[in-house]
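Worksheet for the structure shown next.
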Amino acid sequence: MAVEPALIRNACLVGHRGSGKTALAEGMLGLASGRSGRASRVLDAAEDESERGMTLGMGVVQFQWKGRQINLLDTPGDGGFIADAFVAQRVADLAILVVHAQDPIQVVTERVWRRGEREDIPHVVAVNHLDRERTDFGAVVERLRERFGSAVVPLNLPVGREGDLRGVYGLLTDTAYYAGGEQRQEIPSGMEEEVEAAKVQIFEAIAESDDTLLEKYLADEELGTEEVFEGLKKGIVDGVIIPVLATSAERMIGVDRLLDLLAGSAPSPADRSRWVTADGDEVACDPEGPFSAYVFKTYVDPFAGRLSVMRVISGRCRSDEQLVNPRTGSSERLGGISHLVGRERQGAEEAVAGDIIAVPKLRDTATFDTLCKPEHVVRYEPVPLPEPTTAFAVRAKSRGEEEKVFDAIRRVVDEDPSLRLERSEATGEDILSGLSQLHVEVALERVLRRYGVEVETQTPKVPFKETIAASSRGHGRYKKQTGGRGQFGDAKIEISPLPRGEGFEFEDAIVGGAIPRQFIPAVEKGVQEAMREGPIAGYPVVDVKVRLYDGQFHPVDSSEMAFKVAGSLAFKDAVEKARPILLEPFLKVEVLAPTDLVGDIMGDLSGRRGRPMGMEQRGERQVITAEVPQVEMLTYARDLRSITGGRANFHAEFSHYEEVPPNLVEKVLAANAREEEEEKVR
Numbered sequence: 001m002a003v004e005p006a007l008i009r010n011a012c013l014v015g016h017r018g019s020g021k022t023a024l025a026e027g028m029l030g031l032a033s034g035r036s037g038r039a040s041r042v043l044d045a046a047e048d049e050s051e052r053g054m055t056l057g058m059g060v061v062q063f064q065w066k067g068r069q070i071n072l073l074d075t076p077g078d079g080g081f082i083a084d085a086f087v088a089q090r091v092a093d094l095a096i097l098v099v100h101a102q103d104p105i106q107v108v109t110e111r112v113w114r115r116g117e118r119e120d121i122p123h124v125v126a127v128n129h130l131d132r133e134r135t136d137f138g139a140v141v142e143r144l145r146e147r148f149g150s151a152v153v154p155l156n157l158p159v160g161r162e163g164d165l166r167g168v169y170g171l172l173t174d175t176a177y178y179a180g181g182e183q184r185q186e187i188p189s190g191m192e193e194e195v196e197a198a199k200v201q202i203f204e205a206i207a208e209s210d211d212t213l214l215e216k217y218l219a220d221e222e223l224g225t226e227e228v229f230e231g232l233k234k235g236i237v238d239g240v241i242i243p244v245l246a247t248s249a250e251r252m253i254g255v256d257r258l259l260d261l262l263a264g265s266a267p268s269p270a271d272r273s274r275w276v277t278a279d280g281d282e283v284a285c286d287p288e289g290p291f292s293a294y295v296f297k298t299y300v301d302p303f304a305g306r307l308s309v310m311r312v313i314s315g316r317c318r319s320d321e322q323l324v325n326p327r328t329g330s331s332e333r334l335g336g337i338s339h340l341v342g343r344e345r346q347g348a349e350e351a352v353a354g355d356i357i358a359v360p361k362l363r364d365t366a367t368f369d370t371l372c373k374p375e376h377v378v379r380y381e382p383v384p385l386p387e388p389t390t391a392f393a394v395r396a397k398s399r400g401e402e403e404k405v406f407d408a409i410r411r412v413v414d415e416d417p418s419l420r421l422e423r424s425e426a427t428g429e430d431i432l433s434g435l436s437q438l439h440v441e442v443a444l445e446r447v448l449r450r451y452g453v454e455v456e457t458q459t460p461k462v463p464f465k466e467t468i469a470a471s472s473r474g475h476g477r478y479k480k481q482t483g484g485r486g487q488f489g490d491a492k493i494e495i496s497p498l499p500r501g502e503g504f505e506f507e508d509a510i511v512g513g514a515i516p517r518q519f520i521p522a523v524e525k526g527v528q529e530a531m532r533e534g535p536i537a538g539y540p541v542v543d544v545k546v547r548l549y550d551g552q553f554h555p556v557d558s559s560e561m562a563f564k565v566a567g568s569l570a571f572k573d574a575v576e577k578a579r580p581i582l583l584e585p586f587l588k589v590e591v592l593a594p595t596d597l598v599g600d601i602m603g604d605l606s607g608r609r610g611r612p613m614g615m616e617q618r619g620e621r622q623v624i625t626a627e628v629p630q631v632e633m634l635t636y637a638r639d640l641r642s643i644t645g646g647r648a649n650f651h652a653e654f655s656h657y658e659e660v661p662p663n664l665v666e667k668v669l670a671a672n673a674r675e676e677e678e679e680k681v682r
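Read in order, the letters of the sequence shown correspond to residues 1 to 682 in full-length UniProt numbering.
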């Protein structure tokens with residue numbers, strides 16, 4: 001029998017790398033399993049995660065605590081893998097922001113907080129590693145209040161400091177909870193003033209969450225225990241209370257307090273109707289409503305196949321349900337549904353609105369797809385993810401393995417929608433893009449580890465082009481006689497430059513039948529084929545008008561092939577005399593950064609031949625807009641992290657083409673020569 005929505009708690013752990021999210025998750029799981037310590041190796045159990053000592057993808061664990069079913073999503077803290085944290089904040093009903101007591105507010109802290117505000121998800125904060133040296137819980141709370149506002153208030157206080165951390169004191173229960181399970185209903189010696197000041201903060205926040213409670217509080221009437229905890233829950237749901245808890249996952253201090261908060265005061269799926277369809281219709285968490293579910297994570301195993309993890313938005317489902325995917329229109333049958341505990345699956349007979357389940361081997365369903373009943377079709381929007389900032393051209397290291405390599409890459413990309421594999425028509429390369437160099441490197445390591453194929457990478461080629469700066473005329477004649485019927489075609493053309501971005505234009509100006517009508521398309525085709533390789537460096541020629549004005553033909557020997565060759569020869573003759581020039585692509589770049597870094601970023605962009613186009617305020621940060629040559633942006637993601645300490649991010653998209661400065665043309669030609677030599681060696 002499925003647990004009803006009111007008894008479900010969906011929470012995600014977000015925060016910067018090293019804050020201890022996974023340790024807290026395993027600590028909670030350990031306590032729920034009846035252990036006194038952490039349930040280790042349940043999360044971050046993948047080989048690459050163990051080797052690197054970091055979370056590389058979202059982990060899901062489901063367990064029971066004090067009559068509540070808790071679905072906990074553990075997310076990576078490295079900026080290159082932040083997409084999973086963004087997805088988790090869409091799916092969960094509460095975000096637990098985990099901060100390191102020694103350095104609480106880092107770049108990823110800011111980024112996940114901003115996304116949480118965008119997703120309108122309530123927060124609690126866990127201050128972890130309070131057993132470390134140079135930690136001060138009170139100072140951390142003040143920093144959090146300065147950054148995130150006065151809604152941030154302590155819910156408990158650490159007993160002891162640094163290596164002498166012994167437990168936590170609950171401000172609402174007037175109880176000290178010590179490591180090992182001991183409890184004392186007394187204020188620890190020396191903490192009286194600290195407790196009194198903290199109580200004022202938390203009780204004021206609770207009173208302000210409800211008008212009735214506020215009236216009682218201002219009238220100095222005592223708030224009942226039930227009123228206090230109801231006020232706390234309402235304040236969390238409404239976002240007017242952001243409770244802060246003291247923890248040490250290493251010593252299992254405060255972990256049970258975090259669990260109790262989840263079970264007692266976190267919102268259930270029924271408390272918050274925040275799901276809206278692509279058509280703008282709000283969907284209530286109704287177990288008796290029409291079924292719909294949102295796939296938010298896909299695991300791909302080379303042996304077990306695909307496992308789709310989804311949140312049930314409304315209705316109920318059992319195994320063997322027949323559903324439809326609105327994106328593809330295809331029918332899907334739910335196999336055995338289960339709950340996840342890391343990568344282990346626990347079978348479930350039924351799932352209800354608000355639950356998180358896993359389903360194997362769905363044929364045509366990908367991450368961010370919706371599944372629903374055919375008679376009640378709805379669709380939910382994908383989670384907006386950061387734009388890739390790091391790209392590599394990829395190819396099979398061994399000849400003959402191309403199909404196997406790209407099938408493996410596509411499987412890894414299916415598992416992580418923040419990766420992108422695209423074919424560049426301009427350069428003929430396959431480009432794998434991600435959120436950081438480490439992000440792409442980990443993806444390629446998985447290709448090798450899981451599928452046994454090696455991928456070769458290199459910096460993507462810049463799609464230079466060529467054009468002309470003057471008008472000229474060209475003549476192409478193709479004459480071949482080898483006995484029997486020969487080949488003859490003769491074409492005269494005039495070429496002239498077009499405005500940038502206009503592409504190609506062909507004008508038929510033949511009069512008097514100098515070239516029969518049936519051969520004129522062949523001349524145009526020959527010209528277009530010749531434009532694929534320009535005279536400077538072999539790049540495509542663009543923004544040219546070609547006017548075919550004269551020619552000759554032979555009544556027997558002329559053919560489409562002959563005029564196609566004549567058109568090609570005529571263009572090659574004309575373009576050499578038309579002052580050919582090299583063009584480079586420019587990108588429109590937007591950099592989002594703190595105000596104090598604007599000067600450094602502007603200086604760096606100018607050093608890349610960039611042209612600043614403007615600057616505007618966005619929240620507490622500045623958006624710098626510039627046009628920059630693409631060739632100068634190849635290492636920008638890495639360099640920007642170095643300049644700003646990871647505090648800025650950027651988006652780039654194609655803007656236009658411009659002429660390469662004459663002093664840089666030789667540099668481009670030299671780089672091309674090196675690439676050709678390297679290709680020969682390969």
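Quick reminder that beta carbons are idealized off the backbone N, C-alpha and C, glycines included.
All values derive from a computational prediction rather than experimental measurement.
**Asked** Shortest alpha-carbon distance to Phe654 belongs to which of Gly614, Arg579, Val527 and Gly501?
**Response** Locating residue 654 in the sequence shown gives position 654, where the first residue counts as 1. When only C-alpha atoms are compared, the closest one is Gly501.
**Message:** I need the DSSP call for Ile624, collapsed to helix, strand or coil.
**Reply:** In the sequence shown, the residue the question calls residue 624 occupies position 624. Ile624: strand per DSSP, three-state reduction.
**Message:** Rounded to the nearest angstrom, what separates Thr175 and Arg411 at their Cα positions?
**Reply:** Start at 1 with the first residue of the sequence shown, and residue 175 comes out as number 175. Start at 1 with the first residue of the sequence shown, and residue 411 comes out as number 411. Rounded to whole angstroms, the gap between the alpha carbons of Thr175 and Arg411 is 52 Å.
**Buried versus exposed call for His339 [16 or more other C-beta atoms within 10 Å across all chains shown]** = Taking the first residue of the sequence shown as 1, we reach residue 339 at position 339. Counting Cβ neighbours within 10 Å, His339 comes out buried, since at least 16 surround it.
**Request:** Out of Phe229, Glu192 and Glu215, state which residue places its alpha-carbon closest to the alpha-carbon of Ile202.
**Result:** Numbered from its first residue, the sequence shown carries residue 202 at position 202. Taking only the C-alpha atoms, the option nearest Ile202 is Phe229.
**Asked** Which term fits Leu569, buried or exposed, when burial requires 16 or more other beta carbons within 10 angstroms of its beta carbon?
**Response** Numbered from 1 along the sequence shown, position 569 holds the residue referred to as residue 569. Classified as buried, Leu569 has 16 or more neighbouring CB atoms from the shown chains inside 10 Å of its CB.
**Prompt:** Are the Cβ atoms of Leu218 and Gly231 separated by less than 8 Å?
**Reply:** The residue given as residue 218 occupies position 218 in the sequence shown. The residue given as residue 231 occupies position 231 in the sequence shown. No, the Cβ-Cβ distance between Leu218 and Gly231 is not below 8 Å.
**Item:** For Ser424, the first and last residue of its enclosing beta strand (DSSP E)
**Value:** Residue mapping note: residue 424 aligns to position 424 of the sequence shown, counting from 1. Segment Arg420 to Ser424, the beta strand (DSSP E) holding Ser424.
**Item:** Cβ-Cβ separation, Val453 to Glu401 (assumed contact under 8 Å), whole Å
**Value:** On the sequence shown, position 401 is the one that residue 401 refers to. On the sequence shown, position 453 is the one that residue 453 refers to. Indeed they touch by this definition, with Cβ atoms about 6 Å apart.
**Message:** I'd like to know whether the C-beta atoms of Val42 and Gly342 end up nearer to each other than 8 Å.
**Reply:** Reading the sequence shown from its first residue, position 42 is the one you call residue 42. Reading the sequence shown from its first residue, position 342 is the one you call residue 342. Closer than 8 Å, so yes.
**Item:** Segments of 4+ residues assigned as alpha helix (DSSP H) that fall wholly inside the stretch 306-358
**Value:** none
**Prompt:** Comparing the CB of Asp604 with every heavy atom of the ligand ATP, is any distance shorter than 7 Å?
**Reply:** No copy of the ligand ATP appears in this structure; indeed no ligand is present at all.
**Sheet register partners of Glu282 (DSSP bridge)** = For the purposes of this step, residue 282 is identified with residue 282 of the sequence shown, where counting begins at 1. Beta-bridge pairing links Glu282 to Val276.
**Message:** Considering only DSSP beta bridges, list what His123 is partnered with.
**Reply:** As a working mapping, residue 123 is identified with position 123 in the sequence shown. His123 is bridged by DSSP to Ala95.
**Request:** Would you grab the beta carbon distance between Asp93 and Pro267 for me? Rounded to a whole angstrom, and I think it's under 8 Å.
**Result:** Numbered from 1 along the sequence shown, position 93 holds the residue referred to as residue 93. Numbered from 1 along the sequence shown, position 267 holds the residue referred to as residue 267. With a Cβ gap of about 5 Å, Asp93 and Pro267 count as contacting.
**Asked** How long is the line joining the alpha carbons of Gly347 and Val359, rounded to whole angstroms?
**Response** Numbered from 1 along the sequence shown, position 347 holds the residue referred to as residue 347. Numbered from 1 along the sequence shown, position 359 holds the residue referred to as residue 359. Approximately 10 Å between the Cα atoms of the pair.
**Prompt:** How big is the Cα-Cα spacing for Gln458 and Leu438?
**Reply:** Taking the first residue of the sequence shown as position 1, residue 458 is located at position 458. Taking the first residue of the sequence shown as position 1, residue 438 is located at position 438. So the two alpha carbons sit approximately 15 Å from each other.
**Prompt:** Does the distance from the C-beta atom of Val237 to that of Pro122 stay below 8 Å?
**Reply:** Counting from one through the sequence shown, the residue named residue 237 turns up at place 237. Counting from one through the sequence shown, the residue named residue 122 turns up at place 122. Against a cut-off of 8 Å, the Cβ pair of Pro122 and Val237 comes out as a contact.
**Asked** Are at least three pairs of beta-carbons, each pair with one atom in the stretch 535-555 and one in the stretch 463-478, less than 8 Å apart?
**Response** The stretch 535-555 is in contact with the stretch 463-478.
**Request:** Give the straight-line distance between the Cα atoms of Asp490 and Pro580, rounded to the nearest whole angstrom.
**Result:** Residue numbering aside, residue 490 sits at position 490 when the sequence shown is read from its first letter. Residue numbering aside, residue 580 sits at position 580 when the sequence shown is read from its first letter. For Asp490 and Pro580, the distance between alpha carbons rounds to 24 Å.
**Request:** Assign Thr635 to buried or exposed, taking buried as 16 or more other Cβ atoms, counted over all protein chains shown, within 10 Å of its Cβ.
**Result:** Walking along the sequence shown from the start, residue 635 turns up at place 635. Classification for Thr635: exposed.
**Request:** Helix, strand or coil for Met615, going by three-state DSSP, please let me know.
**Result:** Numbered from its first residue, the sequence shown carries residue 615 at position 615. The answer is strand: DSSP assigns Met615 an E or B state.
**Asked** Hey, out of Leu262, Ile82 and Val623, whose CA is closest to Ser598's CA?
**Response** Along the sequence shown, one-based indexing puts residue 598 at 598. Residue 598 is actually Val in this sequence, not Ser. Val598 has its Cα closest to that of Val623, out of Leu262, Ile82 and Val623.
**Request:** Keeping to the same chain, check which residues put their C-beta closer than 6 Å to that of Arg9; ignore five residues upstream and five downstream.
**Result:** By 1-based counting over the sequence shown, the position of residue 9 is 9. The answer, listed in chain order, is Arg68, Ile70, Leu262 and Ala266.
**Message:** Using a 10 Å radius around the Cβ and a threshold of 16 neighbouring Cβ atoms, would you call Leu669 buried or exposed?
**Reply:** Position 669 of the sequence shown holds residue 669. The residue is exposed, with fewer than 16 neighbouring Cβ atoms inside 10 Å.
**Item:** Contact under 8 Å by Cβ, Glu321 with Arg363
**Value:** Here residue 321 refers to the residue found at position 321 when the sequence shown is read from its first residue. Here residue 363 refers to the residue found at position 363 when the sequence shown is read from its first residue. Not in contact: Glu321 and Arg363 (Cβ atoms no closer than 8 Å).
**Request:** Could you tell me the distance, in whole angstroms, from the CA atom of Val152 to the CA atom of Glu590?
**Result:** Here residue 152 refers to the residue found at position 152 when the sequence shown is read from its first residue. Here residue 590 refers to the residue found at position 590 when the sequence shown is read from its first residue. Computed Cα separation, rounded: 32 Å.
**Asked** Among all the DSSP beta bridges, which residues are the ones paired with Pro360?
**Response** Here residue 360 is taken as the residue at index 360 of the sequence shown, counted from 1. Paired residues: Leu307.
**Message:** I'd like to know whether the C-beta atoms of Asp84 and Gly57 end up nearer to each other than 8 Å.
**Reply:** Mapped onto the sequence shown, residue 84 falls at position 84. Mapped onto the sequence shown, residue 57 falls at position 57. Yes, they are a contact pair.
**Item:** Lys66 classed as buried or exposed, judged by whether at least 16 other C-beta atoms fall within 10 angstroms
**Value:** In the sequence shown, residue 66 corresponds to position 66, counting from 1. Lys66 is exposed by the Cβ-count criterion.
**Item:** Own chain residues within Cβ distance below 6 Å of Phe368, not counting five before or after
**Value:** Numbered from 1 along the sequence shown, position 368 holds the residue referred to as residue 368. Hits under 6 Å: Pro382.
**Asked** So what does Tyr478 bridge to, in DSSP terms?
**Response** If you number the sequence shown from 1, residue 478 lands on position 478. BP columns for Tyr478 point to Gly489.
**Message:** Which residue wins for smallest C-alpha separation from Arg609, given the options Gly181, Asp301, Pro585 and Gly354?
**Reply:** Along the sequence shown, read from residue 1 onward, the residue named residue 609 stands at position 609. Among Gly181, Asp301, Pro585 and Gly354, the Cα nearest to that of Arg609 is on Pro585.
**Item:** Alpha-carbon spacing of Leu38 relative to Ser248, whole angstroms
**Value:** Stepping through the sequence shown from its first residue, residue 38 is reached at position 38. Stepping through the sequence shown from its first residue, residue 248 is reached at position 248. The residue you asked about is not Leu; residue 38 is Arg in the sequence shown. Their Cα atoms are separated by approximately 12 Å.
**Asked** So, using beta-carbon positions, are Val455 and Lys397 closer together than 8 Å?
**Response** As a position in the sequence shown, residue 455 is number 455, starting the count at 1. As a position in the sequence shown, residue 397 is number 397, starting the count at 1. Annotated as proximal: Val455 and Lys397, with beta-carbon spacing under 8 Å.
**Asked** Just curious, the alpha helix (DSSP H) that Asp211 is in, first and last residue?
**Response** For the purposes of this step, residue 211 is taken as the residue at position 211 of the sequence shown. It spans Asp211 to Leu218 - the alpha helix (DSSP H) in which Asp211 sits, taken as one unbroken run.
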